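One structure is given below, encoded as structure tokens.
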Amino acid sequence: TERMTLEEDLKSGLLENQFEVYYQPKVNMQTGEVIGSEALVRWHHPTLGNIRPDIFIPVAEESGIIIQLGEWILRTACRDTLKLQQMGMGDLQVAVNISAVQFTGGDLLPTVKRALEETEFSATSLELEITESAVMHDPEAVIRSLHELSQFGIKLAIDDFGTGYSSLAYLKRFPVDTLKIDRAFIKDISRDSDDVVIVEAVLGLGKHFGLKVVAEGVEDNDQLEFLKRQGCDIAQGYHLSPPLAFDQYLAWLEDWNRERDEIDSGVDAASEYNSAVVQLHKNGRNA
Ligand code: C2E
Ligand code: CA
Ligand code: CA
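Take any residue in the sequence shown, note its place counting from 1, add 458, and you have its number in the numbering used here.
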């Protein structure tokens, strides 16, 4: 009963604009540059309050509502990111999560093309995140679809890399640009030697195949420093910022860029960069 109610609520929620897209910044650790964000959907339910995507995305997938919801998320992410680019926030990318259902039953390519046309957002600034398990569900169909998207200029990331069934054999055949190391491996990275080996292996794979590697779930400075030393370029996590509503994301970008400008003209760049991270981290928490 709960599930059916949730399904009905999802439908009316879409009509009544109860969803909001949040953005979590991704930072190049070596340069301090913000490369863009991951779009993460939020549902403000009128009576139940905020419902986590872990709860409602599976229901949206099973009921097929994810097709419509996913299209709305895609358009919103493109529109918002274009706005930030036009405001001079830099050549920001946005990464949008795509569920398996959107791949197999949703005419993904026409949907993405339509979103780009409507919003006038550039295909090369858009990245789609798909999980290993979504890929493995129907590898041949997904590979075809990925090639079409990639020819169109869209970037592709494998999410939660290392947690699903092995896709190592497929890595050769995927037109993939980015691997996202799951936060489970980052969590104990400064203590657990098994995790260190896993992270090193993913970085090695990334290097070999010419892929970007993003570490997600970076929660403290030890993890950040460790990843930097290992040669990981891009980090995402609470240590840098939690996912933020559009206005908060804009304010965060302004703060971040201001601090970076000050550091560029400062003397001791490295230590000031670290204190800037800590300060922004505090701001993010307060937000
Ligand atoms: P995901 O794609 O792996 O997204 C990362 C999740 O980790 C997000 O949870 C994010 O808020 C959280 N996170 C970020 N930094 C940290 C950190 O430092 N520590 C910890 N512990 N967590 C961190 P969120 O937003 O609750 O989303 C959960 C999942 O729901 C996502 O996992 C994704 O699978 C799904 N999801 C979220 N938004 C969308 C969407 O727009 N479309 C689809 N299809 N799925 C979505
Ligand atoms: Ca993701
Ligand atoms: Ca992930």
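By construction, the Cβ of each residue, glycine as well, lies at the ideal position given by its N, Cα and C atoms.
From a predicted model like this one, the values you see are computed outputs, not experimental measurements.
Problem set entry | Closer than 6 Å: residues whose CB approaches a heavy atom of ligand 2 | GLU496, ASN555, GLU587 and ASP617
For this session: For LYS638, verify whether its CB is less than 8 Å away from any heavy atom of ligand 3.
Result: yes
Exercise. What first and last residue would you give for the alpha helix (DSSP H) that runs through GLN560?
Worked result: 558-563
Problem set entry | Closer than 8 Å: ARG641 CB and nearest ligand 3 heavy atom | yes
For this session: Whole angstroms is fine: what's the gap from GLN688's alpha carbon to GLU658's?
Result: 7 Å
Exercise. Can you tell which of ARG641, ALA553 and ASP653 has the C-alpha that lies nearest to the C-alpha of GLY675?
Worked result: ARG641
For this session: Could you say which of LYS484, MET547 and ARG631 lies nearest to ASP691 if we only look at CA atoms?
Result: LYS484
For this session: Using three-state DSSP, classify ASP596 as helix, strand or coil.
Result: coil
For this session: Would you list the one or two residues that DSSP bridges to GLN482?
Result: GLU496
Exercise. Any heavy atom of ligand 1 closer than 8 Å to the Cβ of SER603?
Worked result: no
Problem set entry | PHE667: first and last residue of the uninterrupted alpha helix (DSSP H) it sits in | 651-667
Problem set entry | Candidates THR636, ARG631, PHE684 and ASN679, of which the one nearest VAL655 by Cα | PHE684
Problem set entry | Rounded C-alpha distance that separates THR463 from PHE477 | 17 Å
For this session: For the region 697-709 and the region 631-648, state whether three or more C-beta atom pairs, one from each stretch, are separated by less than 8 Å.
Result: no
Exercise. Starting from ALA627 and walking both ways along the alpha helix (DSSP H), at which residues does that stretch end?
Worked result: 626-629
Exercise. On the three-state DSSP scale, how would you describe PHE610?
Worked result: coil
Exercise. Just to check, is the beta-carbon of ASP512 closer than 8 Å to a non-hydrogen atom of ligand 1?
Worked result: yes
Problem set entry | Straight-line Cα distance separating GLN694 from ASN679 | 12 Å
Problem set entry | Three-state secondary structure assigned by DSSP to GLU587 | strand
Exercise. Measuring from the CB of GLU585, is there a heavy atom of ligand 3 at a distance below 8 Å?
Worked result: no
Problem set entry | Proximity to LEU708 [Cα-Cα], best of LEU566, LYS541 and PRO568 | LYS541
Exercise. Thinking C-beta only, is LEU698 closer than 9 Å to GLY664?
Worked result: no
Problem set entry | ALA703 - DSSP class collapsed to helix/strand/coil | coil
Exercise. Hey, quick one: how far does the alpha helix (DSSP H) through ALA573 stretch, first residue to last?
Worked result: 566-577
For this session: Rank GLU519, ASN555 and GLU520 by C-alpha distance to the C-alpha of ARG533 and give the top, closest one.
Result: ASN555
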